[in-house]
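Chains as they are written, first to last, in my numbering: chain E, 1499 to 1686; chain P, 452 to 936; chain G, 830 to 929.
Structure representation (structure tokens):
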């Protein structure tokens, strides 16, 4: 049962990922990635990572990919055309990558073949995760707040329609009407 | 206070908190007062940097004898970390001083710029003190994400947009590779702490292919950030498109942060891997010097030229890492410090060339600078000679210790190659100098000096010359940074 | 009774397909989606190791990778919108203002 589940969803994930590469239209690529994420969420459940599985669906597939789809729709992104660069990359890059992958898979298989993973053997509960997150991993958790703030500012700043000329922008002349402190003079 | 957030944690996170509070304050006050007090935000940013320097100094005094571990081992604040913290603060301070007039000319908002700058410094702080893979990853991401936005800050400028896009795509790609490397190391060692990773890997055979791949992925991710060959392609594009006032900070800060992590990783997490990696990194360093120096020969854009030269500098610094002895590490630290002055100095002169209607980033724009602004031309000359490593200036000491370390560890071929490349680099630096002193100016618009830019330029030129003549205090700083290593 | 190596090989396959997408695709959004695929491969490897090692650290790492992916996506898509507004192309090969 477990083995069957693994193979069904592993196949689904790989199929989704291959589809992502084959499809030309960005919207199809985005939707294939959603399929990959859904399949991975099931695998996370098999591995006892409940919280991660739900977050994968809710946040990753639900929120982040919706953002992608939204931008694709907004920009009306068209199917891409093959260019010289992509042909060269396809001829040289892909075989090299496949060779690397086969080699790597061989190493992984020899190193970890005798380490079976059983469902339900170890469940990282949401409680454990929360305890770890707010105790040992308190600092990274706080740093993520800075990360999100940067993301927020960046997104608003870059995607916002610019006002031209920006009314709020001071020019060197207009600012002289306000009283300038000596400290401000230093910075100019 | 709980057991996980005690006095130690509070003490160590104070500089981070100061920077964060000031960044938030900048955003808020910018929103309220930008009409009446446009100069307020850079002042606040400077104030924030100053306020962060105070607890950093206190921490420096406290960790002199023994390092401080905080957040259950996530951060390890030692002399090494504090050295880098001061370097980041200095670079950010110069960036703030030079940015106001530049942004005014570009007609871009001021507030968010300084806030993002301080946020990226927070990322660098975390990165330099990280003693754990997760914290290192997040620090790197905070730094990079803020810089992606800052590179694309000139929204009207297509070059800036494109530069941001290229930087972001390659940056995100390299972070993904880095994360994969971290996952392999985590899986093989069972922990994310550097010391436990080292202990676990020491028990396994060093020739293990998976360890090799994990370290390779991690190193590749960091080499991307360092702009080392063959992952240097983004640097000239990103530098050319980014706001000039930011490029110096980017070049110095990101390199320093990436080197801090690289040195610490191979010192504490992967000491057993270092011997196996040195030859490969020697190849990378050689390729980096080659591509950087030859690339710089072909450029007609000053920012691109300096970008390629910064790639070459990353190559020299990697040589210090390849040598791998105490002198080598010491050389890297000295190099990063002097590089901070001279690189920021050269870019500050370029900032003053940006005037209304004149982009000022072609080599031709330097023509006749000697007649128009002799002071600027002479300072630029000093910075360029220092970058080339001409003896009485600060840049010489960086190269001196790196070469010394190479000779001590019998890497004669590498030392000879590096010396040859230094000689080659003179050619393109002299090309800029020749443009300044012999060319005739095509326009006569005065340079855009602000008081802040003058202050920054004065300080940088003073440091470049003084450190060159009296290197003692600086060398002692770098020496102290390595106490306990 | 699935060997850990199966999960790891799956993760390596997803990661490499992501790298392939990054290399061969010319459309910016698809390139960005390929990076997300790489991160998904990384996440699977972390969760598998976390289960194998009976250690919560891997799960925590996945949590942070997702956070980073979200922040990167927000900024990245904003940059893509800014580029599109000025150039109306999404083909990376046509973004050639920054050349020698």
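Every residue gets a Cβ at the ideal spot worked out from N, C-alpha and C, and that includes glycine.
A straight-line Cα-Cα distance of about 7 Å links residue 796 (chain P) and residue 831 (chain P). DSSP places residue 530 (chain P) in the helix class (H, G or I) of the three-state scheme. DSSP links residue 519 (chain P) through a beta bridge to P:528. With a threshold of 9 Å between beta carbons, residue 1596 (chain E) makes contact with chain G. For residue 903 (chain P), the closest C-alpha among the options P:506, P:550, P:463 is that of P:550. Not a single C-beta of chain P is nearer than 9 Å to the C-beta of residue 895 (chain G). If you look at residue 594 (chain P), you'll find it in the alpha helix (DSSP H) that goes 584-602.
The DSSP-derived three-state label of residue 806 (chain P) is strand. Under the three-state reduction of DSSP output, residue 856 (chain G) falls in the strand class. Close to chain P, meaning a Cβ-Cβ distance shorter than 8 Å, is no residue of the region 1502-1521 of chain E at all.
Using a Cβ-Cβ cut-off of 7 Å, residue 624 (chain P) is close to 851, 864 of chain G, given in chain order. Under the 9 Å criterion on CB atoms, residue 1560 (chain E) is classed as non-interfacial with respect to chain G.
Distance from the Cα of residue 616 (chain P) is smallest, within the candidate group P:867, P:598, P:628, for P:598.
Along the region 565-593 of chain P, going in chain order, the ones with a CB nearer than 8 Å to a CB of chain G are 584, 585, 588, 589, 592. In the structure shown, the three-state DSSP call for residue 751 (chain P) is coil. Taking a Cβ-Cβ threshold of 8 Å, the residues of chain P close to residue 874 (chain G) are 631, 634, 635, 638, in chain order. Counting only unbroken stretches of 4 or more residues, the alpha helix (DSSP H) elements lying wholly within the region 1524-1570 of chain E are 1524-1544, 1548-1553, in sequence order. Here residue 606 (chain P) carries a coil assignment [DSSP, helix/strand/coil]. Note on residue 1568 (chain E): under 16 other CB atoms within 10 angstroms of its CB, so exposed under the neighbour-count rule. Taken in chain order, the whole alpha helix (DSSP H) runs of length 4 or more contained in the region 858-892 of chain P are 863-889.
With contacts defined as CB atoms closer than 9 Å, residue 905 (chain G) and residue 623 (chain P) qualify as a contacting pair. Three or more beta-carbon pairs separated by less than 8 Å are not found between the region 1602-1612 of chain E and the region 859-876 of chain G, which leaves the two stretches without contact. A Cβ of chain G is located within less than 9 Å of the beta carbon of residue 1627 (chain E).
A straight line joining the alpha-carbon of residue 502 (chain P) with that of residue 587 (chain P) spans about 24 Å. Not one beta carbon of chain P lies nearer than 9 Å to the beta carbon of residue 888 (chain G). Nearest neighbour of residue 884 (chain P) by Cα position, chosen from P:820, P:893, P:892, turns out to be P:820. By the Cβ-count criterion, residue 552 (chain P) is buried, with 16 or more other Cβ atoms from all chains shown falling within 10 Å of its own Cβ.
Within the region 1642-1660 of chain E, contact with chain P at the beta-carbon level (separation under 9 Å) is assigned to 1642, 1643, 1644, 1645, 1647, 1648, 1649, 1651, 1652, 1653, 1654, 1655, 1656, 1658, 1660. Taking 4 residues as the minimum length, the alpha helix (DSSP H) runs contained wholly in the region 718-787 of chain P are 725-748, 753-774, in order along the chain. DSSP places residue 1522 (chain E) in the coil class of the three-state scheme, outside both helix and strand. Burial is judged here by how many other beta carbons sit within 10 angstroms of a residue's own beta carbon; residue 1574 (chain E) has fewer than 16 and is exposed.
For residue 599 (chain P), the residues of chain G that pass the 9 Å Cβ criterion are 901, 904, 905, 908, in the order they occur in the chain. Three or more Cβ pairs drawn from the region 592-611 of chain P and the region 688-704 of chain P lie within less than 8 Å of each other, which places the two stretches in contact. For residue 911 (chain P), the closest C-alpha among the options P:930, P:469, P:714, P:541 is that of P:541.
In chain order, 578 place their CB closer than 6 Å to the CB of residue 591 (chain P), counting only its own chain and leaving out the 5 sequence neighbours on each side. Judged by beta-carbon spacing, residue 837 (chain P) lies within the 9 Å limit of residue 846 (chain P), meaning their Cβ atoms are closer than that value.
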